[in-house]
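First the structure, in the form of structure tokens, and then the observations on it.
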Amino acid sequence: MTTYQFDNGIPGFEHLQQFVLSEVEGEMPVRLMQSVEDENITFLIASPFFFYKDYEWDLPDSVVQELKLGDENDIEVWSVVTLNKDPSKSTINLLAPIVLNKTTNRGKQHIIHDHAYSSRAPLYQA
Amino acid sequence: MLVLSRKTDESIMIGGNIEIVVLGVEGETVKLGIRAPKDIEIFRKELYMNIQASNREAASSLLAINDVVQLLKQNRSDK
Numbered sequence: 001m002t003t004y005q006f007d008n009g010i011p012g013f014e015h016l017q018q019f020v021l022s023e024v025e026g027e028m029p030v031r032l033m034q035s036v037e038d039e040n041i042t043f044l045i046a047s048p049f050f051f052y053k054d055y056e057w058d059l060p061d062s063v064v065q066e067l068k069l070g071d072e073n074d075i076e077v078w079s080v081v082t083l084n085k086d087p088s089k090s091t092i093n094l095l096a097p098i099v100l101n102k103t104t105n106r107g108k109q110h111i112i113h114d115h116a117y118s119s120r121a122p123l124y125q126a
Numbered sequence: 001m002l003v004l005s006r007k008t009d010e011s012i013m014i015g016g017n018i019e020i021v022v023l024g025v026e027g028e029t030v031k032l033g034i035r036a037p038k039d040i041e042i043f044r045k046e047l048y049m050n051i052q053a054s055n056r057e058a059a060s061s062l063l064a065i066n067d068v069v070q071l072l073k074q075n076r077s078d079k
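Heads up: the sequence lines are chains A and B, in that order.
So for the first sequence, our numbering puts the first residue at 1; every next one is plus one.
So for the second sequence, our numbering puts the first residue at 1; every next one is plus one.
Structural data, given as structure tokens:
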């Protein structure tokens, strides 16, 4: 379990600045992202590259600066999942990935401007 | 809210390093140019609101961690 510092929170939860990432039982590339400040707020995050092989975007300087990224190997990218009881209706947010710096333990939800990704892409593509 | 009137090619400053220029007005559409330091993020408001709504939905959909684990297991066995 690692605690990450989100200086600006995340959209909708701007007041929450610390999240703990923990592993989920099983082999899926997913984690739980739980707020330290509000125990009722937990997200399921998943590797977007696992569900969307061609997922790609450019990392802007603003993110590099905010996360104090020195080495690109320090980056980890996750996407927030919205679960539905009907798994075919579960969605993944490709428009605003969670970007983490594993070395400094800083995180940010980056909103991609220049690609037409959806914030509610189907988790399981038909 | 502070309200200012500006003409095309006029601008406003926010602090010392953010400038918003009115580039043109066509019908109901105002075209703005923005000069700001690279670490300032600029979005259309509806884009930010979309992400806010999506995050709130994602957080409220997670009632219990056990449910999540069950859903994932269920999914995997479906495949």
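Even glycine gets a Cβ: it sits at the ideal position worked out from N, Cα and C.
Inset, instruction - Starting from Lys38(B), find everything on chain A with Cβ-Cβ shorter than 9 Å and list it in chain order. - result: In the second sequence, residue 38(B) corresponds to position 38, counting from 1. The answer, in chain order, is Pro60, Asp61, Ser62, Gln65.
Inset, instruction - Could you tell me if the beta carbon of Phe43(A) falls within a distance shorter than 7 Å of some heavy atom in the ligand MG? - result: Absent from the structure shown: the ligand MG. Ligands present: none.
Legend entry - 7 Å Cβ shell around Met13(B) - same chain, five flanking residues per side excluded: On the second sequence, residue 13(B) is found 13 positions in, with the first residue counted as 1. Taken in chain order, the residues that qualify are Glu19.
Legend entry - Pro48(A) and Ile112(A) closer than 8 Å at C-beta: In the first sequence, the residue the question calls residue 48(A) occupies position 48. In the first sequence, the residue the question calls residue 112(A) occupies position 112. No, the pair does not count as a contact, with Cβ atoms beyond the cut-off.
Inset, instruction - Could you tell me whether the region 25-33 of chain B touches the region 66-73 of chain A, using the rule of 3 or more Cβ pairs below 8 Å? - result: Contact between the region 25-33 of chain B and the region 66-73 of chain A is absent, because fewer than three Cβ pairs lie under 8 Å.
Legend entry - Status (buried if at least 16 other CB within 10 Å, exposed otherwise) for Gln65(A): Counted from its first residue, the first sequence places residue 65(A) at position 65. Residue burial annotation: Gln65(A) is exposed, with fewer than 16 other C-beta atoms found within 10 angstroms of its C-beta.
Legend entry - Same chain, Cβ closer than 8 Å to Leu83(A), neighbours up to 5 away in sequence not counted: By one-based count along the first sequence, residue 83(A) stands at place 83. Only Leu44, Ser90 meet the Cβ criterion.
Inset, instruction - Go ahead and pull the three-state DSSP assignment for Met13(B). - result: Your numbering for residue 13(B) matches position 13 in the second sequence. In this structure, Met13(B) counts as strand in the three-state DSSP scheme.
Legend entry - Candidates Gly12(A), Ser118(A), Asp114(A): closest to Asn55(B) by CA position: Position 55 of the second sequence holds residue 55(B). Nearest to Asn55(B) by alpha-carbon distance, out of Gly12(A), Ser118(A), Asp114(A), is Gly12(A).
Inset, instruction - Give the straight-line distance between the Cα atoms of Val80(A) and Gln125(A), rounded to the nearest whole angstrom. - result: Working through the first sequence from its first residue, we reach residue 80(A) at position 80. Working through the first sequence from its first residue, we reach residue 125(A) at position 125. If you draw a straight line from the Cα of Val80(A) to the Cα of Gln125(A), it comes to about 16 Å.
Legend entry - 8 Å Cβ cutoff met for Trp78(A) and Ala116(A): Here residue 78(A) corresponds to residue number 78 of the first sequence, with the count starting at 1. Here residue 116(A) corresponds to residue number 116 of the first sequence, with the count starting at 1. Result no, Cβ atoms of Trp78(A) and Ala116(A) do not sit closer than 8 Å.
Inset, instruction - Spatial neighbours of Val21(B) within its chain, please: CB distance less than 8 Å, with the 5 preceding and 5 following residues excluded, ordered by chain position. - result: If you number the second sequence from 1, residue 21(B) lands on position 21. Cβ neighbours of Val21(B) beyond the five flanking positions: Asp9, Glu10, Ser11, Leu32, Gly33, Ile34, Arg35.
Inset, instruction - Kindly indicate which three-state DSSP category Val22(B) falls into: helix, strand or coil? - result: The residue labelled residue 22(B) in the question sits at position 22 within the second sequence. In this structure, Val22(B) counts as strand in the three-state DSSP scheme.
Inset, instruction - Using DSSP bridges, identify the partner residues of Asn101(A). - result: Here residue 101(A) corresponds to residue number 101 of the first sequence, with the count starting at 1. DSSP lists Ile75(A), Arg106(A) as partners of Asn101(A).
Legend entry - Contacts of Phe43(A) in chain B (Cβ-Cβ under 8 Å): The count along the first sequence starts at 1 and reaches residue 43(A) at position 43. Per Cβ cutoff of 8 Å: Asn55, Ala58, Ala59, Leu62.
Legend entry - Contacts around Leu94(A), its chain only, beta-carbon distance under 7 Å, and the 5 residues preceding and following it disregarded: On the first sequence, residue 94(A) is found 94 positions in, with the first residue counted as 1. Result list for Leu94(A): Pro48, Tyr52, Tyr55, Ser79, Tyr117, Ser118, Ala121, in chain order.
Inset, instruction - Please confirm if Pro11(A) has its CB atom under 8 Å from at least one CB of chain B. - result: Taking the first residue of the first sequence as 1, we reach residue 11(A) at position 11. Closer than 8 Å to the CB of Pro11(A) there is at least one CB belonging to chain B.
Legend entry - Among Asp114(A), Asn105(A), Gln109(A), the one whose alpha carbon lies nearest that of Val20(A): Locating residue 20(A) in the first sequence gives position 20, where the first residue counts as 1. Taking only the C-alpha atoms, the option nearest Val20(A) is Asn105(A).
Legend entry - Contacts around Val24(A), its chain only, beta-carbon distance under 8 Å, and the 5 residues preceding and following it disregarded: Here residue 24(A) refers to the residue found at position 24 when the first sequence is read from its first residue. Closer than 8 Å at Cβ, skipping near neighbours: Val30, Arg31, Leu32, Leu44.
Inset, instruction - Please check if any C-beta of chain A sits within less than 8 Å of the C-beta of Leu32(B). - result: If you number the second sequence from 1, residue 32(B) lands on position 32. Answer no: the Cβ-Cβ gap between Leu32(B) and chain A never drops below 8 Å.
Inset, instruction - Return the bridge partner residues of Leu32(B) from the DSSP annotation. - result: Reading the second sequence from its first residue, position 32 is the one you call residue 32(B). Leu32(B) pairs with Val22(B).
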